Amino acid sequence: MIMDLSILTKMITYQLQLFFVKQKSGKNIQIPGSPRLVRSLLREGLLDELRLNICLVVVGSGMHLFDEINQVNLKLVDSEIYSNGVVGVTYQPG
19 MIMDLSILTK MITYQLQLFF VKQKSGKNIQ IPGSPRLVRS LLREGLLDEL RLNICLVVVG
79 SGMHLFDEIN QVNLKLVDSE IYSNGVVGVT YQPG
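With the sequence shown counted from 1, adding 18 to any position gets you the numbering used here.
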């Protein structure tokens, strides 16, 4: 895949910015509702934790959260079932 130089430059800039933010103590970065950004961060090994709320609905088609990435090993570190049936899970790289 050939990538436009301006896109590659932006990606490197974002990765460097994220790297420096992560070096500061007490800084948590939450990314609500951005599957594309989560995939990018996961692919680059920049995610420390992945929290998902799973609402089981059979729709037959739709967006896949983990498209376009190679295998990433994750370990389940927490889970919770809410009264409305939603399952919250927390994974960390492992």
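Backbone N, C-alpha and C define an ideal beta-carbon position, used for all residues, glycine too.
In this text the structure is predicted, and so the values were computed from the model without any measurement.
| Item | Value |
| --- | --- |
| Cβ shell of Cys73 (< 7 Å), same chain only, five flanking positions each side left out | Val104 |
| For Ser101 and His82, the rounded distance between their alpha carbons | 26 Å |
| Simplified DSSP assignment, three categories, for Gln48 | coil |
| DSSP three-state assignment for Leu74, whether helix, strand or coil | coil |
| As assigned by DSSP and simplified to three states, the class of Ser79 | coil |
| Neighbourhood of Asp66 by C-beta distance below 6 Å, restricted to the same chain and skipping five residues each side | none |
| With 16 other Cβ atoms within 10 Å as the buried cut-off, status of Leu59 | buried |
| CB-CB length for Asn88 against Pro111, believed under 8 Å | So it is not a contact: roughly 13 Å between Cβ atoms. |
| When Leu55, Leu34, Phe37, Leu64 are compared against Asp85, the one with the closest alpha-carbon | Leu55 |
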